[in-house]
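Novice:
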Amino acid sequence: MLDKLKVKYPNAVSGNEPRQSDGEFFWFRDSSGTFGIPKEEISSAEASLLQLLFPHNEEVFLSRNASEMKRQWSEFLYQNDRSLPVTSWKKVRFIHFSSPTSDFSYLDFEEAFTSLVSGDSLIVWEDENRGAIIEGESDSSLDDLDFFSIVQTLESDFYVKIQAFSGHYHLMDENLPTHFQMEQKSFELAKKHSLDTRMFTLPDVFPFAVLDGLAPEEFIWFCEELLGDAGKDEELIGTVKTYIECNSNASLAAKKLYIHRNSLQYRIDKFIEKTGLDIRTFHHALPAYLCLLKKEK
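Under my numbering, the first residue of the sequence shown is numbered 1, with each subsequent residue one higher.
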């Protein structure tokens, strides 16, 4: 949407772009994030129309993110504050969530949600219906199945439908807002294609993103997220590509690669351990294969 608005308002900016002063912009929000249009470039009638189309409830945003820690994180992720939040976390991940209704006590919801995950996690709210849990990496971090159970518990307790997206862990650095916004975009895309799914992960979303069309830098982001360091191991990814092309037939793949089946199995297990992609299943083999094809170009 921002690309389309920039045709009419060439100086419009996204929430991640540096700018002189936030007060000089009218701010709006769509599914891909926050964007601003300089006040001198937009009429009051145009601003009113855009506010109807893309509401941004600043009062809700500020009141629900009022604590010092929440304020730091919300400004860092949503409002282009380049100052890293003060934290002892080395790596964090985001669990994005949304509900079609706001007919529940957000304080009770917040207390229930954070009590079911790591003790020092926190929630930042985007609006009345959407937000994200920020969780630091620890030995007690939950897996995706645990989060699916949490979503079911919250739905039962609060009588609301909840959808969630579990992102990957990232280093605490200035690149976090970029990861955050790409995950937000992935979550919105996933909800559009799968209305009834409660819990999404990156491998779930990637095929939908490819079908909808990805910019080159977005494709690279997805593949770096999915493959990680395994994408730099040429022998490993060559083995995995051959294995997938052999329809996960280990004997045939080993024969084509001129290696023992045990050696093939070791490499497959290593790839699964490093990426979390169980390529023995179609669900994970597809996104892995798309990335491997991309690497060959």
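All C-beta atoms, glycine included, are put in the ideal place defined by N, C-alpha and C.
Treat the numbers as computed from the prediction; the structure is a model and nothing was measured.
Let me check one thing: in DSSP terms, what residues is F109 bridge-paired to?
Specialist: For the purposes of this step, residue 109 is identified with residue 109 of the sequence shown, where counting begins at 1. Partner(s): none; F109 has no beta bridge.
Novice: Buried or exposed for Y243, going by 16 or more other Cβ atoms inside 10 Å?
Specialist: Against the sequence shown, residue 243 aligns to sequence position 243. So Y243 ends up on the buried side.
Novice: For K6, which residues of its own chain have a beta-carbon under 8 Å away from its beta-carbon, when the five flanking residues on both sides are left out?
Specialist: If you number the sequence shown from 1, residue 6 lands on position 6. Within the same chain, K6 has close Cβ partners A12.
Novice: Between which two residues does the alpha helix (DSSP H) harbouring L122 extend?
Specialist: Counting from one through the sequence shown, the residue named residue 122 turns up at place 122. No alpha helix (DSSP H) holds L122; the beta strand (DSSP E) holding it covers L122 to W125.
Novice: Alpha carbon to alpha carbon, how far is S115 from Y169?
Specialist: Position 115 of the sequence shown holds residue 115. Position 169 of the sequence shown holds residue 169. Roughly 20 Å separates the two Cα atoms.
Novice: Of the residues I133, F94 and D103, which one's Cα is nearest the Cα of A110?
Specialist: The count along the sequence shown starts at 1 and reaches residue 110 at position 110. Reading off the sequence shown, one finds Glu at residue 110, where the question assumed Ala. Ranking the options by Cα distance to E110, first place goes to I133.
Novice: If you draw a straight line from the alpha carbon of Y9 to that of Q181, how long is it in whole angstroms?
Specialist: Within the sequence shown, the letter at position 9 stands for residue 9. Within the sequence shown, the letter at position 181 stands for residue 181. Each residue's Cα considered, the two are about 22 Å apart.
Novice: Going by C-alpha distance, which of I259, S43 and W125 is nearest S303?
Specialist: There is simply no residue 303 to check, as the chain begins at 1 and stops at 297 in what is shown.
Novice: Just to confirm the assignment, what range does the beta strand (DSSP E) spanning M199 have?
Specialist: Position 199 of the sequence shown, counted from the first residue, corresponds to residue 199. Where M199 is concerned, the enclosing beta strand (DSSP E) stretches over M199 to T201.
Novice: If we count the other Cβ atoms within 10 Å of its Cβ and call it buried at 16 or more, is P203 buried or exposed?
Specialist: The residue labelled residue 203 in the question sits at position 203 within the sequence shown. Per the 10 Å Cβ criterion, buried.
Novice: Among residues of its own chain, excluding the 5 on either side of I268, which ones have a beta-carbon nearer than 8 Å to its beta-carbon?
Specialist: If you number the sequence shown from 1, residue 268 lands on position 268. Excluding residues within five positions, the ones whose Cβ falls inside 8 Å are T239, V240, Y243, A250, I279 and R280.
Novice: Are L227 and T178 closer than 8 Å when you measure CB to CB?
Specialist: As a working mapping, residue 227 is identified with position 227 in the sequence shown. As a working mapping, residue 178 is identified with position 178 in the sequence shown. Not in contact: L227 and T178 (Cβ atoms no closer than 8 Å).
Novice: Leaving out five residues before and five after I305 in sequence, what residues of the same chain have Cβ atoms less than 6 Å from its Cβ?
Specialist: No information on residue 305 is available, as it lies outside the stretch 1 to 297 that the chain covers here.
Novice: At what residue ranges does the stretch 123-162 contain a whole run of the beta strand (DSSP E), taking only runs of 3 or more?
Specialist: Those beta strand (DSSP E) runs which fall completely within the stretch 123-162 and span 3+ residues are 130-136.
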